[in-house]
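If you're matching positions, the sequence shown starts at 1 in my numbering and goes up one per residue.
For glycine and all other residues, C-beta sits at the position ideal for the given N, C-alpha and C.
Because the structure is a prediction, the values reported are computed rather than measured.
Encoded as structure tokens, the structure appears first; notes follow it.
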Amino acid sequence: MGKLHLLMKKEEIDDQKLNDEKIVVVFDVLLATSTITATLAFGAKEVIPVMNGQEAVLFTNKNVDKEYLLIGEYEGNTIEGFLSPNPLMLKKIVSDQSIVLSTTNGTVALKNSQNAKRVYAASILNANAVANHLRQSYKDESVILVCSGSSGQFNMEDFYGVGYFIDCLVNESYPFDLSDAAKSAHYFYLGLKEKCYEILAESNVGKMLIRYGFEEELKFVSSKSILNVVPIFVDGRSVINVNFSKETI
Numbered sequence: 001m002g003k004l005h006l007l008m009k010k011e012e013i014d015d016q017k018l019n020d021e022k023i024v025v026v027f028d029v030l031l032a033t034s035t036i037t038a039t040l041a042f043g044a045k046e047v048i049p050v051m052n053g054q055e056a057v058l059f060t061n062k063n064v065d066k067e068y069l070l071i072g073e074y075e076g077n078t079i080e081g082f083l084s085p086n087p088l089m090l091k092k093i094v095s096d097q098s099i100v101l102s103t104t105n106g107t108v109a110l111k112n113s114q115n116a117k118r119v120y121a122a123s124i125l126n127a128n129a130v131a132n133h134l135r136q137s138y139k140d141e142s143v144i145l146v147c148s149g150s151s152g153q154f155n156m157e158d159f160y161g162v163g164y165f166i167d168c169l170v171n172e173s174y175p176f177d178l179s180d181a182a183k184s185a186h187y188f189y190l191g192l193k194e195k196c197y198e199i200l201a202e203s204n205v206g207k208m209l210i211r212y213g214f215e216e217e218l219k220f221v222s223s224k225s226i227l228n229v230v231p232i233f234v235d236g237r238s239v240i241n242v243n244f245s246k247e248t249i
């Protein structure tokens, strides 16, 4: 039986312990992993996560033979010269594009997890797709779930998203030995499973998005498992969709 661990924020990631025996699933529900999931569903070729805006610009300057869409935010504000990472705003422009994505938390968590055997990006939008993929691909292996958090702080939306993912993943035929943190996330979700939008809207980041006029984005990213997308971080460089199929939504 594999073990299921939970890290409450990206700062808890120890890259020395993420050897090639570990499976990592990163969550940044508001918004990085939701944006990655949605843009791949909308037809993007790949999403290249970077640590910050400077790294994004440096990457594009070093790869002038190819065009990239620069998308990113820092502390909730769109980086100057970049597109906003709000998924619905990107729907009509990302098809067949390569994206360089910089966010405060989620892309940093992905980059810091790159020493693991496999790294996936999950959200409420694609929790069931990623869970199904793990069940089909791995047996009796340990999985580390990473809440990206918010600038070093715990956040409620990732904790809820992880709880939902655990509910999708674990069953009698695919059991895990859950850590206390993982059990807590699952119990939190089970007590509020019909309140997905409300949880996101009451979170600090959710309140900020509503203040900025992004309530429709919030409703979209709170839609449970509407996308059959399995984003995998390949060779520490880019995130692609394992399922390859282009969604129509």
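Assigned exposure category for G152 - 16 Cβ within 10 Å defines buried: If you number the sequence shown from 1, residue 152 lands on position 152. A residue is called buried when at least 16 other Cβ atoms come within 10 angstroms of its Cβ; G152 does not meet this threshold and is exposed.
Candidates K17, K62, V64, L83, of which the one nearest L70 by Cα: Position 70 of the sequence shown, counting from 1, holds the residue named residue 70. Residue L83 holds the alpha-carbon nearest to the alpha-carbon of L70 among K17, K62, V64, L83.
Segment contact flag, the stretch 98 to 106 with the stretch 44 to 63, C-beta cutoff 8 angstroms, min 3 pairs: Contact between the stretch 98 to 106 and the stretch 44 to 63 is present, with at least three C-beta pairs closer than 8 angstroms.
Any 3 or more C-beta pairs closer than 8 angstroms across the stretch 36 to 50 and the stretch 105 to 121: Yes, the stretch 36 to 50 is in contact with the stretch 105 to 121.
Which residues DSSP lists as bridging S113, in chain order: Counting from one through the sequence shown, the residue named residue 113 turns up at place 113. None; S113 has no bridge partner.
Separation of L178 from I249, as counted between CA atoms: Within the sequence shown, the letter at position 249 stands for residue 249. Within the sequence shown, the letter at position 178 stands for residue 178. Bear in mind that the predicted position of I249 carries a pLDDT of just 48, short of 50, making it too unreliable to give a figure here.
Residue range of the alpha helix (DSSP H) that includes I199: Along the sequence shown, one-based indexing puts residue 199 at 199. Where I199 is concerned, the enclosing alpha helix (DSSP H) stretches over 196 to 202.
R211 (DSSP reduced to helix, strand or coil): Along the sequence shown, read from residue 1 onward, the residue named residue 211 stands at position 211. Collapsing the DSSP output to three states places R211 in a helix.
Between the CA atoms of D180 and N204 - distance to the nearest angstrom: The residue you call residue 204 lines up with position 204 of the sequence shown. The residue you call residue 180 lines up with position 180 of the sequence shown. A straight line joining the alpha-carbon of N204 with that of D180 spans about 25 angstroms.
Beta-carbon spacing of L30, L200 below 8 angstroms: Walking along the sequence shown from the start, residue 30 turns up at place 30. Walking along the sequence shown from the start, residue 200 turns up at place 200. Contact flag set, yes.
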